[in-house]
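According to my numbering, the sequence shown is numbered sequentially starting from 94. Glycine included, every Cβ here is placed at the ideal spot set by N, Cα and C. Predicted, not measured: the structure shown is a model, and the values here were computed from it. Notes to accompany the following structure.
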Amino acid sequence: MNNKNNIRKKIYRKKNIIIDYKDINLLNKYVSECYKILPSKTTGTKLKYQHKISKSIKIARFLSLIPYTDKQTIKIKK
């Protein structure tokens with residue numbers, strides 16, 4: 094087998110999953126450790142779902158549900 098085929102992750106295979114910006118656990122699967130959006134070659138998603146995922150990640154970032162970068166931390170006052 095090729096190494097290219099082994100690199101791909103087939104995460105999105107269920108058709109009943111609703112992609113929503115409020116579902117942070119689902120969105121974290123499509124974001125790297127540095128909080129960059131993973132490409133569809135890596136995740137194995139179709140183009141239609143990749144657009145929905147990236148759009149909902151951007152909305153979640155705007156609402157500060159997901160940080161923009163890994164260096165961005167939330168300071169909690171006690």
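Task: Reduced DSSP secondary structure (H/G/I, E/B, other) of Ile146 - done: helix
Open item on the list: Assuming the contact rule is C-beta atoms closer than 8 Å, Leu119 and Ala153 should be a hit. Round their C-beta distance to whole Å, please.
Closed with: Contact doesn't hold; Cβ gap of about 10 Å is too wide.
Task: Own chain, CB closer than 6 Å to Lys145, minus 5 neighbours either side, in chain order - done: Ile112
Open item on the list: What does the alpha-carbon distance come out to for the pair Thr138 and Ile117?
Closed with: 18 Å
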